[in-house]
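Presented below is the structure to which this report refers.
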Amino acid sequence: MPTTRFVERASGPAERLAGFMAHLRLNGINAGPQETGLALAALNAVDAVNPQEVRFALKSLLATGSDNWSRFDALFDAYWYNAGRERAGTAPAAHKQASRRPAIWTSETGDGQEQAAKANLPASAADDGDDDATASGEGTGRLIATRTKALLRRDLRELTDPAELAEAARIAERLARAIRDRRSRRRRAARRGNTLDFRRIARRSLARGGEPIDLLRRRRPERPMRIVAILDVSGSMEIYAKVFIAFLKGLIGADLKADSYLFHTRLARVTEALRDPDSLRAAARLSLMVQGFGGGTRIAGSLVRFNDAHAKGSVSGRTVVVILSDGYDTDPPEALAHELSRLARRARRIVWLNPLKGWRDYAPVARGMAAALPYIDAHLPANTLASLAALEAEFESL
Amino acid sequence: MTYQSLQKDLSGTGYVASDQLAMALHLSLSLGRPLLLEGEAGVGKTEIARAMAEVLGARLIRLQCYEGLDAAQAIYEWNYQRQLLAIRAHEGEDANLVEERLFSEKYLLRRPLLEAISQPESPVLLIDEVDRADEEFEAYLLEILSDFQITVPELGTISATSRPHVILTSNGTRELSDALRRRCLYSYVEFPDRATELAIIGHRCPGLEDRLAAQIVGVVQALRREELEKKPGVAEMLDWAVALMGLGVNDLADDPVAVQATLICLLKTRADQAAVPREVAARIIGAAA
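Protein chains in written order, with this note's numbering: chain A, 1049 to 1446; chain B, 565 to 853.
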């Protein structure tokens, strides 16, 4: 926890408080000059020499949000009781550890070139920002140029060349953006609504001596669905993961409500990392989060974590949960079924994108997948870029 | 007024507030800022507004938020049916006069927010479950909470005759915007601890024996530690206490069958009822008794 030094001599309570505000800002609490003024006003309203009262007062004024609420006491002690000064040394240590992690990760995968490809991926995806601007305005038909047609049909497993992969990632991102924009273009005035628009009827009838002849109607505009994507990056999904991450990036790109998570044996929220405009930093943040990328899979365990910690805030009756996974799970299938049933009650729809489903003669024999089927609304193939493009129609029907 | 005196007044109305909560309410009164309360369902967030209204001797105006709530239901709406009738009734009169009359306050339906700012005395305005309303509505709310005035195009701007004491509650089904949070004081309401809950039950069910009250509180607190989908709140606890009193149960250990049957007051989903079978209930009651 970064702390500011408690000034030995201060000109008065205002300076002390300004120091405290600086301390809070340093620790990520949003406290501007307006808050400082309010805090001084608040101290006038309480017994300002009673530490407990001051703590309560400043807490309800400045700790807005449950996460800040729970750490405010520690921050308060750190500043006013100088409790944080010794701990100031921990911050640089944590930083050093952080910068070492990607190296460990490289040695784990033992594949330098692949590492480079992964690091490149968000970079190349971000490069074509100009293309996106023009492409996103059009339907999928024109979005996909002819030179990419062949690439669209090929199974993602067959893409090995880094250049091809980068190209696939770029297409995936554009597809995802197209889906997103298609959704949000759907606000339109309706001719047939379910309620009478009395405001307009009254206006119109004034011209006819108050006779309501034209019955005008109105309908609530359709609002875009929110997308929450959960991507499996375990060993069995590794060949698909790179393209899918680009797909996620496109999907949540500028849609501030969308949310995305990665899991293998643990679950990590990657929305902020994927949204990072600095592609190198995004790659570094992502690689920190997916340590153990390419290991075993715990779908059920990750969903437990998702349901407990994230679902409450990010999944509502207007949310589509997209799970990208092949369904191979080391947790018992009953656990997966249970967690999916919990999620299904909260979400509007659950869409499971399965790269294996695109194979001929695929049957959901993986026990996890079989257990999951009753709770998901759509089980769709996702082994080629064309199948990702087909999702657009699916999202439109929601 | 200090926060302790407010706390005492609140307990006079039957609401036992923690120090932190009493301080938040006190500050919200003295700084004139809205108070945002978050916490799990059943911790008594809505009840705070009722208690505050009673302490202040003010009117309680409540706006229940829901998905799709719009200005017509939250702020104002013209009374169109009456307007249409009035147009017919005044047929033949000067059109300008008729129109002026139609868009006067007489034909304005005041919804909670407009109602709250046009009271002669400051009311308590409870905006319940604000997280259920859409984000668009939240933005509208911001404007009202900072300026306390509402613009009706046909009438002009209506400024507050008195500033309402605003209390917002949220269950966290959606993350609220930072802008809204910045304009509010904040308090996270936890489930009451054992001593507080005993005080609550003492206030609300004065006829209850101390020993049974302690048992009830013990069981409810233990149930909250179990892995349940919906943890029993304070209201559920009070329901259960009343149910047990009505059945004439004096000791939870006496009549396990009746007690097990009354657990429906606390466990409100099928999964939760299955999670507390007779043996588990017996163990919890045994520990509390």
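Glycine is no exception: its CB is placed at the ideal position from the N, C-alpha and C atoms.
Shortest Cα-Cα distance from Y1127 (chain A) to any of A:A1392, A:N1116, A:L1072, A:G1076 involves A:L1072. Each of A:L1351, A:R1396, A:F1354, A:I1371 was checked against the Cα of G1365 (chain A), and the nearest Cα belongs to A:R1396. For H729 (chain B), no alpha helix (DSSP H) encloses it; the enclosing beta strand (DSSP E) starts and ends at 729-734.
When rounded, the separation of the alpha-carbon atoms in E702 (chain B) and L744 (chain B) is 7 Å.
The Cβ atoms of L1388 (chain A) and D1377 (chain A) lie no closer than 9 Å to each other.
Taking a Cβ-Cβ cut-off of 8 Å, the neighbours of L1086 (chain A) in chain B comprise L595, R597, given in sequence order. Contact between I731 (chain B) and M616 (chain B) holds: their C-beta atoms lie close to 7 Å from each other, under 8 Å.
The beta carbon of L1244 (chain A) lies closer than 8 Å to those of L1263, L1264, R1265, R1266 in the same chain, with the five residues before and after it left out. Here P676 (chain B) has I625, L627 as same chain residues with Cβ atoms under 6 Å from its own Cβ, once five neighbours each way along the sequence are excluded. Runs of the alpha helix (DSSP H) spanning 4 or more residues and lying entirely within the region 1067-1128 of chain A occur at 1081-1093, 1099-1110, 1114-1128, in chain order.
Any Cβ of chain B closer than 9 Å to the Cβ of S1308 (chain A) would place that residue at the interface, and such an atom is absent.
A straight line joining the alpha-carbon of I828 (chain B) with that of R768 (chain B) spans about 20 Å. Counting only the Cα atoms, S594 (chain B) lies some 20 Å from A1062 (chain A). For G720 (chain B), DSSP records a beta bridge to B:V716. Residue-level contact by beta carbon holds for T566 (chain B) and chain A, with a gap shorter than 9 Å. For P728 (chain B), the number of other beta carbons within 10 angstroms of its own is at least 16, and it is reported as buried. A Cβ of chain B is located within less than 9 Å of the beta carbon of P1260 (chain A). Among the residues facing chain B, I1275 (chain A) is not included, as its CB has no counterpart in that chain under 9 Å away. Secondary structure at A1058 (chain A): coil, using DSSP grouped into helix, strand and coil.
In the DSSP secondary-structure assignment, T1367 (chain A) is bridged to A:R1274. Contact between V840 (chain B) and E790 (chain B) holds, since their C-beta atoms are separated by about 7 Å, short of 8 Å. In this structure L1428 (chain A) is not in contact with L1391 (chain A), their Cβ atoms being roughly 17 Å apart against a cut-off of 8 Å.
Here R1329 (chain A) is exposed, its C-beta having fewer than 16 other C-beta atoms within 10 Å.
According to DSSP, residue pairing for T1243 (chain A) in a beta bridge involves A:R1266.
Look at the region 1398-1433 of chain A and you find these whole runs of beta strand (DSSP E), each 3 residues long or longer: 1426-1429.
In the structure shown, the three-state DSSP call for L627 (chain B) is strand.
DSSP places R674 (chain B) in the strand class (E or B) of the three-state scheme. Look at A617 (chain B) here: in three-state DSSP terms it is helix. According to the DSSP assignment, S751 (chain B) belongs to the beta strand (DSSP E) that extends over 749-752. In the three-state reduction of the DSSP assignment, S1308 (chain A) falls in the strand class. Pairwise C-beta distances place the region 585-604 of chain B in contact with the region 747-755 of chain B, as three or more of them are shorter than 8 Å.
In this structure, DSSP gives D815 (chain B) a state outside helix and strand, which the three-state scheme calls coil. At a Cβ-Cβ threshold of 9 Å, S1362 (chain A) and R1274 (chain A) count as neighbours. Apart from sequence neighbours up to five positions away, the residues of its chain that approach V1094 (chain A) with a beta-carbon distance below 6 Å are E1101, A1105, ordered along the chain.
Its chain contains R1397, I1398 as the residues whose beta carbon lies nearer than 6 Å to that of D1425 (chain A), once the 5 sequence neighbours on both sides are disregarded; these appear in chain order. Counting along the chain, no alpha helix (DSSP H) covers R1396 (chain A), and no H or E run does either.
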